[in-house]
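The working numbering numbers the first residue of the sequence shown as 11 and each following residue consecutively.
Glycine included, each C-beta is placed from N, C-alpha and C at the ideal position.
Remember, predicted model here, so these are calculated numbers, not experimental data.
Have a look at the structure below before the remarks.
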Amino acid sequence: MRFIAIFISSLLLISCSSTPRAPVIDRAPGSPSAPKPAAKATEKDWRPDTYTVKKGDTLYSIGLEYGYDYREIAQTNNIPAPYTIYIGQQLKLKDSRAAVTAAASDPAAGEAESSGVVITPLDMGSGTAENVQSAPTTATAAAPPLISEPKALREPYSEQALNAPIVQAKAMPAATPPATAATGSAAAQTAAPAAQPAESPKAAPAAANGDIAWAWPATGKVIAGFNEGGNAKGIDIGGTTGQPIKAAAPGKVIYSGSDLRGYGKLVIVKHNATYLSVYAHNSKILVKEGEQVSRGQQIAEMGSTDTDRTKLHFEIRRQGKSVDPASYLPANPG
Numbered sequence: 011m012r013f014i015a016i017f018i019s020s021l022l023l024i025s026c027s028s029t030p031r032a033p034v035i036d037r038a039p040g041s042p043s044a045p046k047p048a049a050k051a052t053e054k055d056w057r058p059d060t061y062t063v064k065k066g067d068t069l070y071s072i073g074l075e076y077g078y079d080y081r082e083i084a085q086t087n088n089i090p091a092p093y094t095i096y097i098g099q100q101l102k103l104k105d106s107r108a109a110v111t112a113a114a115s116d117p118a119a120g121e122a123e124s125s126g127v128v129i130t131p132l133d134m135g136s137g138t139a140e141n142v143q144s145a146p147t148t149a150t151a152a153a154p155p156l157i158s159e160p161k162a163l164r165e166p167y168s169e170q171a172l173n174a175p176i177v178q179a180k181a182m183p184a185a186t187p188p189a190t191a192a193t194g195s196a197a198a199q200t201a202a203p204a205a206q207p208a209e210s211p212k213a214a215p216a217a218a219n220g221d222i223a224w225a226w227p228a229t230g231k232v233i234a235g236f237n238e239g240g241n242a243k244g245i246d247i248g249g250t251t252g253q254p255i256k257a258a259a260p261g262k263v264i265y266s267g268s269d270l271r272g273y274g275k276l277v278i279v280k281h282n283a284t285y286l287s288v289y290a291h292n293s294k295i296l297v298k299e300g301e302q303v304s305r306g307q308q309i310a311e312m313g314s315t316d317t318d319r320t321k322l323h324f325e326i327r328r329q330g331k332s333v334d335p336a337s338y339l340p341a342n343p344g
């Protein structure tokens, strides 16, 4: 009887010590039970397919506004240099949705969309259960494609190179009226010439200057004056390296860089549909393309890049043509 009691006790001890292992749940990638993230919404391109040219527009300003290189717009619409556009003209803008679609279908992004969690068997041999949490795997979202703003011409300096991207919109040319039939054989053989529209008189600089209050861009002595017939398309103001260069009038920075040979580190500010100002040979540029600047705001530091001495080369351009800054600026304070 004692032997039977010992045998039963042994069986009870064996059954208590043989605890089954925890089940294995596999949630690796590709498993049907693995949760999948919600599908990403396709990013909609905010830019229009077409654009209607308005007064004062240029291919450069349109490209800058909508994130295109003006040369792409010119190529799409078969517009040759010097890139003349007309008020009311409808331009096709390059469709960039393909780039967004390509980015969304990137296989690298697809690999990061789902992550699996594998639960390993819990060792129960010690007789105590520990709380085990698997760290969540976070997929890093792919950065959206950057839209590069259009840059200025990458060509050696010339008047055409500097002016090409700023040809303003013109009025649509008038249709030529049909020739009127005249009596008499001689009149019938000679077609009457089409009437040419009268050319509007150009306003004098002083009259056109009424809506802009110009200020000197730097303090210093004028060391070289304007020469319309020569290479001096502006004035040179002497000074010291690092001296503040300020915007002569409020406007929008349409170029900031050093790609136009002969100008060094250059800033171009567009003030309105008529006027631009040019600031060359800077040692440091403090503004970016597309930035709005106010009159007297520092935009650069004086330097000697691409020239033989420290100075500011300053130009005022009216409808793309250089004019004498002395006719627009107040008395020189320096």
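Separation of I222 and A259 (C-alpha to C-alpha, rounded to the nearest whole angstrom) is 7 Å. In the assembly as shown, R319 is an exposed residue. Its beta-carbon has fewer than 16 other beta-carbons within 10 Å.
Under the three-state reduction of DSSP, T317 is assigned to coil, being neither helix nor strand. The continuous stretches of alpha helix (DSSP H) do not include I95, and DSSP gives it neither H nor E. DSSP places Y285 in the strand class (E or B) of the three-state scheme.
N241 is classed as exposed because its beta carbon has fewer than 16 other beta carbons within 10 Å across all chains shown. Here P340 is not near F324, since their CB atoms are 8 Å or more apart.
Cβ contact annotation for Y273 (same chain, cutoff 6 Å, sequence separation greater than five): A290, in chain order. When the alpha-carbon of D59 is set against those of I97, P92, L103, E82, the nearest one is in L103. Annotation: the continuous beta strand (DSSP E) that includes I233 extends over 232-234. The criterion of a C-beta distance shorter than 8 Å is not satisfied by T315 and N342. Collapsing the DSSP output to three states places T86 in a helix.
In this structure, M312 places its C-beta atom within 8 Å of the C-beta atom of I255. When only Cα atoms are considered, G344 and A179 end up about 38 Å apart. Of the candidates G66, V303, A228, the residue whose Cα lies closest to the Cα of R328 is G66.
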